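Q: Sharing a structure, written as structure tokens. Questions coming.
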Amino acid sequence: MTSRRLTATVGAVKTVVQAGWRSPGFDAVLAAATLAVSLVLASSAGRGQAGTRPMDGLAYVTVLGSCGLLTMRRRFPLQVAGTVGVGLLLLSVREYPGGPLLLPVMIALYTVGTTQERRAALLAGVAATAVVVMRAWATTAAHGQVSAFTWAAPGWVIASLVWGAAVRSRRQTVEALRQRVEEAERTREQEAALQVADERLRIARDLHDVIGHSFTTVNVQARVAATLLQDAPDRARQALEAIEAISRDALREIRQALSLLREGESGTPDRTRGATSRAGTAQIDQLLGPLRTAGLTVDATIQLPRRPIPVVIDAAVYRIVQEALTNVLRHAAASHVTLRISTDDHGMQVKVADDGTGSTPPPFGGTGASSGRTGGHGIEGMRERALALGGHLDAGPLPGRGFAVTAYLPVAG
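Structural data, given as structure tokens:
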């Protein structure tokens, strides 16, 4: 916690400092400081420099104006640099010492380097360097000698421009990195949101399948128990025990689904934990018992691949079979059910067929009412599962009598 506070404090101080030196107030202070240095240089200007006249009113006004323009260097960098350059040229033509304006020129060129594109900065640097070099050359030609300071001035001018360009390049690099980090963070958040939405959709499908299958099976078993309670109490007891087992399993799966939903509210869901809790093909036999108890004959052939089945495929096969068998109990009024699960080199095929008429089995002591199998979201949910895994699912009536659900799910080799 201490290191985090220290980092936050340093960051806050850095932000305040950066905001300060980028403010107009800082430029005013910089202009005043530059003027003070330039006046000091002006007071001693000409000493040791051949061919220079003493500073007078015009020279001081030029220095004062050039330093004052630095307050606008961020708003008009090229204009300020050009005007200060003209001031330096004026001092050179009038043979005043150039030293008092060297610092304003360097600051103006530094600002050009930090704010302008490379081409504009280069042109400004060439122009300023040309003025300084021509002054040194003219002084040498006229008087045969020139001070070391005069010949060093072009180097200082170029250095200030290069420094500004380097600062600009660094800022651009930092900004590009910041944008990349922000884009990566946005992408990560979007991916996390998509994962949460996808996981919630999967959990919603699972809840639909679990609740639908469980309540339908409990309904069937309860009718069986009510019918056989007097004549076959042992079979009625078996039906009640089946209700207990089905209810227990349904509650367990619902708790697992709700726990995953709670995890999803706080971040990316734990897909690994969710996957290990899903029912799979190993539990398909448990789905057949309620059909047999309800009096249906079941013909099941399950051929699983030798290699491990991906968890999502394994769970999808189970859910498709579960929902298809639930529809048989709920809608078919069938007496026979066929289940086929087969595999090939590329995937798994599931087929559930019945010989029903499509009428809803009557509840306790009631009469059936024709309903077909178009209601609810069962078939659509099965189709969405298959499509999400790159497969397909077809469901429809068989010629003459019955209904079939056929799905194919690819398995990566």
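Counting in full-length UniProt numbering, the sequence shown runs from 1 upward without gaps.
Cβ coordinates follow ideal geometry from the N, Cα and C atoms, glycine included.
Everything numeric in this text was worked out from a predicted model, so none of it was measured.
Skipping 5 residues on each side, what residues in its chain have a beta carbon closer than 7 Å to that of residue 229?
A: 236.
Q: So for residue 277, helix, strand or coil by DSSP?
A: Caution applies to residue 277, whose pLDDT of 48 falls short of 50 and renders its modelled position unreliable; the value that the coordinates give is listed next. Looking at residue 277 - three-state DSSP - the assignment turns out to be coil, as it is neither helix nor strand.
Q: On the CB-based measure, 16 or more other CB atoms within 10 Å of its CB, does residue 301 come out buried or exposed?
A: Exposed, by the Cβ-count rule.
Q: Pick from 346, 337, 345: whose alpha carbon is nearest that of residue 352?
A: Taking only the C-alpha atoms, the option nearest residue 352 is 337.
Q: So residue 302 is in the alpha helix (DSSP H); what residue range does that whole segment cover?
A: Note, residue 302: premise wrong, no alpha helix (DSSP H); beta strand (DSSP E) at 297 to 302.
Q: Hey, could you find the ends of the beta strand (DSSP E) residue 408 is sitting in?
A: That run of the beta strand (DSSP E) goes 403 to 410.
Q: Between the C-alpha atoms of residue 29 and residue 191, what's the straight-line distance to the nearest angstrom?
A: Cα to Cα, the separation comes out at about 49 Å.
Q: Give me the Cα-Cα distance between residue 415 and residue 27, rounded to the nearest whole angstrom.
A: This structure cannot speak to residue 415, because the chain is shown only from 1 to 413.
Q: Using only CA atoms, which one of 81, 62, 31, 78 lies nearest to residue 71?
A: Ranking 81, 62, 31, 78 by Cα distance to residue 71 puts 31 first.
Q: Tell me where the alpha helix (DSSP H) around residue 62 begins and ends.
A: Segment 57 to 69, the alpha helix (DSSP H) holding residue 62.
Q: Provide the residue span of the beta strand (DSSP E) that contains residue 348, from first to last.
A: First-last of the beta strand (DSSP E) with residue 348: 347 to 354.
Q: Check each candidate in 329, 349, 286, 326 and name the one with the smallest Cα separation from residue 304.
A: Nearest C-alpha to residue 304: 349.
Q: Kindly identify the DSSP beta-bridge partner or partners of residue 392.
A: 408.
Q: If you draw a straight line from the alpha carbon of residue 86 to that of residue 62, how long is it in whole angstroms?
A: The straight-line gap from Cα to Cα measures roughly 10 Å.
Q: Classify residue 38 as buried or exposed, calling it buried when 16 or more other Cβ atoms lie within 10 Å of its own Cβ.
A: With 16 or more other Cβ atoms within 10 Å, it is buried.
Q: Go ahead and label residue 390 buried or exposed: buried means 16 or more other beta carbons lie within 10 angstroms of its beta carbon, across all protein chains shown.
A: With fewer than 16 other Cβ atoms within 10 Å, it is exposed.
Q: Our contact map puts residue 128 next to residue 102 with C-beta atoms below 8 Å; I'd like the distance itself, whole angstroms only.
A: Between residue 102 and residue 128 the Cβ distance is about 10 Å, and since that is not below 8 Å, they are no contact.
Q: Which of the three DSSP states, helix, strand or coil, is assigned to residue 341?
A: Strand, per DSSP.
Q: Return the residue from the list 250, 281, 90, 171 that minimises the CA-CA distance to residue 414.
A: As displayed, the chain neither begins before 1 nor continues past 413, which places residue 414 out of reach and without an answer.
Q: Is residue 397 helix, strand or coil by DSSP?
A: Note: residue 397 maps to strand in three-state DSSP.
Q: Can you tell me the Cα-Cα spacing of residue 181 and residue 196, whole angstroms?
A: Using only the alpha carbons, I get a separation of about 22 Å.
Q: Alpha carbon to alpha carbon, how far is residue 225 from residue 385? Give it in angstroms, no decimals.
A: Using only the alpha carbons, I get a separation of about 34 Å.
Q: What separation, rounded to the nearest whole angstrom, lies between the Cα atoms of residue 297 and residue 186?
A: So the alpha carbons of these two residues sit roughly 55 Å apart.
Q: Starting from residue 292 and walking both ways along the alpha helix (DSSP H), at which residues does that stretch end?
A: Start and end: 284 to 293.
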